[in-house]
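> What follows is a single structure, and I will ask about it in a moment.
Chains as they are written, first to last, in my numbering: chain A, 1 to 124; chain B, 1001 to 1333.
Here it is in structure tokens:
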């Protein structure tokens, strides 16, 4: 090979860059977020008609608009249950990492906590 | 016809993926086996192609005439377009790879009606350059953004890139600018092939197929993010499982995910055997990656044979006695 040294070095760099995920995660267990099954069930029961994990941002957005624009402070879900529109109440006390652990795991940074006081570490 | 062939191929692939997504027993194949096979084919094929290219000798430096070559001291050399130093070559390559310098120099030739009959006119043509630049950079940023699924914890630069990409905060989840750019750019690159007759004439199925593939991949990705939600936690668990060689198959990942990952796998597997190899090939462009020192340094052709020569001195040494006897003058007594 002509100029083989350079070509092989470049290839090694390329393959190295491309396989970063394998090295980065090497030896780590595939630990998902710490989700408490009961909390997840409670979370889903806020609106049973939709998949809350996937669609809660839209729901909360809707809540915000209802609260801010119509002064509506209570949400009535599809089963007729009334829920206070309050992110603080939902998030619970500061030791509750239910929201944070999932968001951190998938690197989702909701802007909710820019205004609301959320659980500790929620912004990180 | 060439367009239709590529389009139908992509549609068939999407149908296969959809079937795979709906038949639960195939999830292991579509979510784990096919991605691994595709990655192996990509890396292996890439290395094979580059090594094969590396074996072709490039005996001559090719000083392209776009810049003044180093000459007499009072003539100003173009140190980047016609470099005589390694640094110049690095800058020239960087300009090519990062900003598509050759495409920027693209010109359009036109025969138009002038006062005295037809006139030949040249003009700058930057649209292809602009479209390519947007397309390639968006694609790169999108690929890097996907690291958030493969790395745990997610490094800061990936998060930073995401927040910059979604900085307009339109909609929920925030619209990524690169999503818009890549769709607009690839649509432009496709329409250009259809509407410019000369380009259409030279376009092959191998040109349309990657376009349709990338279009479908971007579309399924966008659908998955904004419309048909998938379980992100499950997706990440699957991705990390792949990256740690401990594959897991969480339940309840949406259909759209399987279509997306299947198309991506096919594109990766197809990559080394296609024109997409320009990703590696651009680094081996002989007119760009060599110092223009043709006459400053002696370059010996690498495939020159050893030539056996029999010099006069050797000849005389061999026949000196015979030559003397025959009265032929010799140089050395």
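Yeah, the Cβ is synthetic: ideal placement off N, Cα and C, and Gly gets one too. Since the structure is predicted, the reported quantities are computational estimates derived from the model, not experimental observations.
In the DSSP output, which residue or residues are listed as bridge partners for residue 1123 (chain B)?
Taking the second chain and counting its residues from 1, one reaches residue 1123 (chain B) at position 123. Partner(s): B:1108.
> Taking all protein chains shown into account, do 16 or more other C-beta atoms lie within 10 angstroms of the C-beta of residue 1036 (chain B), making it buried, or fewer, making it exposed?
Sequence index remark: in the second chain, residue 1036 (chain B) carries index 36 (1-based). Residue 1036 (chain B) is exposed by the Cβ-count criterion.
> Going by Cα to Cα distance, which pick from A:37, A:49, A:11 and A:23 is closest to residue 80 (chain A)?
Indexing the first chain from 1 puts residue 80 (chain A) at position 80. Here the closest residue by C-alpha is A:49.
> What does residue 81 (chain A) touch in chain B if you count any residue whose Cβ is under 9 Å from its own?
Walking along the first chain from the start, residue 81 (chain A) turns up at place 81. Residues of chain B passing the Cβ test: none, with the nearest at roughly 23 Å.
> Kindly list, in the order they appear in chain B, the residues whose Cβ is closer than 9 Å to that of residue 10 (chain A).
By one-based count along the first chain, residue 10 (chain A) stands at place 10. Near residue 10 (chain A) (Cβ distances below 9 Å), the residues of chain B are 1050, 1280 and 1283.
> With DSSP as the reference, identify every bridge partner of residue 105 (chain A), one or two as the case may be.
Sequence index remark: in the first chain, residue 105 (chain A) carries index 105 (1-based). Residue 105 (chain A) is not bridged to any residue.
> From residue 1237 (chain B) to residue 38 (chain A), what distance separates their C-alpha atoms?
The sequence position of residue 1237 (chain B) within the second chain is 237, counting from 1. The sequence position of residue 38 (chain A) within the first chain is 38, counting from 1. Each residue's alpha carbon lies about 21 Å from the other.
> So residue 1137 (chain B) and residue 1103 (chain B) are in contact, right, with Cβ under 8 Å, and what is the actual spacing, rounded?
Locating residue 1137 (chain B) in the second chain gives position 137, counting from the first residue. Locating residue 1103 (chain B) in the second chain gives position 103, counting from the first residue. With a Cβ gap of about 13 Å, residue 1137 (chain B) and residue 1103 (chain B) do not count as contacting.
> Please report the Cβ distance between residue 1186 (chain B) and residue 1211 (chain B), rounded to the nearest whole angstrom; I am assuming they are in contact, meaning their Cβ atoms lie under 8 Å.
Taking the first residue of the second chain as 1, we reach residue 1186 (chain B) at position 186. Taking the first residue of the second chain as 1, we reach residue 1211 (chain B) at position 211. Right, their Cβ atoms sit about 6 Å apart.
> So with Cβ pairs under 8 Å, would you call residue 124 (chain A) a contact of chain B?
Start at 1 with the first residue of the first chain, and residue 124 (chain A) comes out as number 124. Unreliable positioning characterises residue 124 (chain A) in this predicted model, as indicated by a pLDDT of 39, which lies under 50. A coordinate reading is not provided.
> Within 10 angstroms of its Cβ, does residue 25 (chain A) collect 16 or more other Cβ (buried), or is it exposed?
Position 25 of the first chain, counting from 1, holds the residue named residue 25 (chain A). Classification of residue 25 (chain A): buried, given that the 10 Å Cβ count is 16 or more.
> Can you find a C-beta in chain A that's less than 8 Å from the C-beta of residue 1163 (chain B)?
One-based indexing of the second chain puts residue 1163 (chain B) at position 163. Chain A, which has a Cβ nearer than 8 Å to the Cβ of residue 1163 (chain B), makes this yes.
> At least one CB of chain A closer than 8 Å to the CB of residue 1152 (chain B): is that the case?
As a working note, residue 1152 (chain B) is residue 152 in the second chain. Yes, its Cβ sits closer than 8 Å to a Cβ of chain A.
> Of all the options A:6, A:62 and A:32, which has the alpha carbon lying nearest to the alpha carbon of residue 102 (chain A)?
Here residue 102 (chain A) refers to the residue found at position 102 when the first chain is read from its first residue. Shortest Cα-Cα distance from residue 102 (chain A) to any of A:6, A:62 and A:32 involves A:32.
> Give me the Cα-Cα distance between residue 1258 (chain B) and residue 1223 (chain B), rounded to the nearest whole angstrom.
Along the second chain, read from residue 1 onward, the residue named residue 1258 (chain B) stands at position 258. Along the second chain, read from residue 1 onward, the residue named residue 1223 (chain B) stands at position 223. Near 13 Å, if we compare the C-alpha coordinates of residue 1223 (chain B) and residue 1258 (chain B).
> Rank B:1005, B:1042 and B:1010 by C-alpha distance to the C-alpha of residue 1270 (chain B) and give the top, closest one.
For the purposes of this step, residue 1270 (chain B) is taken as residue 270 along the second chain, with counting starting at 1. Closest option to residue 1270 (chain B), Cα to Cα, is B:1042.
> Alpha carbon to alpha carbon, how far is residue 1122 (chain B) from residue 1107 (chain B)? Give it in angstroms, no decimals.
Along the second chain, one-based indexing puts residue 1107 (chain B) at 107. Along the second chain, one-based indexing puts residue 1122 (chain B) at 122. Cα to Cα, residue 1107 (chain B) sits roughly 7 Å from residue 1122 (chain B).
> Grab me the residues of residue 1265 (chain B)'s own chain with a C-beta within less than 6 Å of its C-beta, minus the 5 sequence neighbours each way, in chain order.
Taking the first residue of the second chain as 1, we reach residue 1265 (chain B) at position 265. Within the same chain, residue 1265 (chain B) has close Cβ partners 1034, 1035 and 1038.
> Any beta carbon of chain A sitting closer than 8 Å to that of residue 1173 (chain B)?
Counted from its first residue, the second chain places residue 1173 (chain B) at position 173. Chain A, which has a Cβ nearer than 8 Å to the Cβ of residue 1173 (chain B), makes this yes.
> Taking only beta-carbon positions, decide if residue 1 (chain A) is within less than 8 Å of chain B.
Taking the first chain and counting its residues from 1, the one referred to as residue 1 (chain A) is at position 1. It does; some Cβ of chain B falls within 8 Å.
> DSSP on residue 1113 (chain B), reduced to helix/strand/coil?
Position 113 of the second chain, counting from 1, holds the residue named residue 1113 (chain B). Residue state, collapsed to three classes: strand.
> For the region 1073-1084 of chain B and the region 1306-1313 of chain B, state whether three or more C-beta atom pairs, one from each stretch, are separated by less than 8 Å.
Segments in contact, no.
> Can you pull out the residues from the region 47-64 of chain A whose beta carbon lies closer than 8 Å to at least one beta carbon of chain B?
51, 53, 54, 55, 57, 58 and 61
> Have a look at residue 1180 (chain B) and residue 1050 (chain B) and give me their C-alpha separation to the nearest angstrom.
On the second chain, position 180 is the one that residue 1180 (chain B) refers to. On the second chain, position 50 is the one that residue 1050 (chain B) refers to. Whole-angstrom Cα-Cα distance: 33 Å.
> Can you check whether the CB of residue 1177 (chain B) is closer than 8 Å to the CB of residue 1183 (chain B)?
Residue numbering aside, residue 1183 (chain B) sits at position 183 when the second chain is read from its first letter. Residue numbering aside, residue 1177 (chain B) sits at position 177 when the second chain is read from its first letter. No; because the gap between Cβ atoms is not below 8 Å, this pair is not in contact.
> With DSSP run on the structure shown, which of helix, strand or coil describes residue 1207 (chain B)?
Start at 1 with the first residue of the second chain, and residue 1207 (chain B) comes out as number 207. Reduced to three states, the DSSP call for residue 1207 (chain B) is helix.
> Considering only the alpha carbon of each residue, which of A:110, A:115 and A:3 lies closest to residue 57 (chain A)?
Taking the first residue of the first chain as position 1, residue 57 (chain A) is located at position 57. The option with the nearest alpha carbon to residue 57 (chain A) is A:110.
> When DSSP builds the beta bridges, which residues end up paired with residue 76 (chain A)?
By 1-based counting over the first chain, the position of residue 76 (chain A) is 76. Its beta-bridge partners are A:82.
> Give me the subset of the region 1210-1233 of chain B whose CB atoms are less than 9 Å from a CB atom of chain A, sorted by chain position.
The region 1210-1233 of chain B vs chain A, Cβ under 9 Å: 1229, 1230, 1231, 1232 and 1233.
> Comparing alpha-carbon positions, which option in A:116, A:108, A:114 and A:115 lies nearest residue 1152 (chain B)?
Taking the first residue of the second chain as position 1, residue 1152 (chain B) is located at position 152. Minimum Cα distance to residue 1152 (chain B) is reached at A:108.
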